[in-house]
Amino acid sequence: MTMETPAPEQPAQSAPPALPPEVAPVAADAPEPAPDKSHLLWYVVKVQSGREESIREAIEKKVKIEGLQHGFGEIVIPTEKVSEMRKGKRYVRERKLLPGYLMAHVEFNEGMLYLFRDTSGVGDFVGAGLNKKPLPMSENEVKKWVRSKDDSAGKITETKESPFSEGDKVKVKDGMFSGMEGSVKKVLEAKGAVVVELTIFGRPVPVELEYWQVDFA
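Using our numbering, the first residue of the sequence shown is number 1255, and each one after it goes up by one.
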């Protein structure tokens, strides 16, 4: 009789040892969710005319340094593109709609107020006073001054000649200031434009307008 020799038992395979934390594989970093900006509101800030861009850059830099990004969205300088004739040649330039003003999307608090007021060239939030918070811009104002910049992208306003003199009472018939009335403070013949003083946010604001955008009131 032949005796069958049983096959030797195979040792059970153990699970590979876990890697220590310092060498464990690291999952790829998941993208960080976009910060919630729903608590921010739009405000109008009075600044030194002609320094709007440099003041915006200074504020944005200070926000990063002081770690206030959670309460800061963006700063908008309302502009439009205009076409004008100079010495027989046509040029396209960008013109500020509200010289001396910025639109700030921020959380208004003591820290943000101090940051703005401590920036060279900044006056104050329009409507702010002693122990008085400024009123945020209305939805219609936001649509008119902020969101309209996307709608007007690429549009160029052509200049046309029309006679006006300093002191003339005029009414704006086209553009962002349509329906508003004011007086001509300066005639810019080389640009085909006039500077009209309009009352905006309760204050007199000089606004440069093309001849064709205004008519006698």
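All C-beta atoms in this analysis are idealised placements derived from N, C-alpha and C, irrespective of residue type, glycine included. Computed from a predicted model, the values in this text were never measured in an experiment.
Between GLY1304 and PRO1353, the alpha-carbon positions lie close to 7 angstroms from each other.
Counting along the chain, the unbroken alpha helix (DSSP H) around GLY1365 starts and ends at 1364-1371. A straight-line Cα-Cα distance of about 29 angstroms links MET1366 and VAL1461. If you draw a straight line from the Cα of GLU1311 to the Cα of HIS1324, it is about 18 angstroms long.
For ARG1349, the enclosing beta strand (DSSP E) begins and ends at 1343-1350. Under the 10 Å beta carbon count, GLY1446 is surrounded by 16 or more other beta carbons and is classified as buried.
Between GLY1381 and PRO1388, the beta carbon gap of about 4 angstroms places them in contact (Cβ cut-off 8 angstroms). With a beta-carbon spacing of about 40 angstroms, LYS1425 and ASP1372 fall beyond the 8 angstroms limit used to define contacts. For TRP1466 and ILE1331, the gap between their C-alpha atoms comes out near 23 angstroms. In this structure LEU1294 touches VAL1360 by the C-beta definition: roughly 6 angstroms separates them, less than 8 angstroms. Here ALA1358 is buried. Its C-beta has 16 or more other C-beta atoms within 10 Å.
Of the residues TYR1345, ILE1329, LEU1463, LYS1427, the one whose Cα lies closest to the Cα of TRP1399 is ILE1329.
The shortest CA-to-CA distance from LEU1369 to any of VAL1448, VAL1299, LEU1452 is the one to VAL1299. Per DSSP, ALA1312 lies in no beta strand (DSSP E); the unbroken alpha helix (DSSP H) holding it starts and ends at 1306-1319. The shortest CA-to-CA distance from PHE1455 to any of LEU1442, ASP1422, SER1392 is the one to SER1392.
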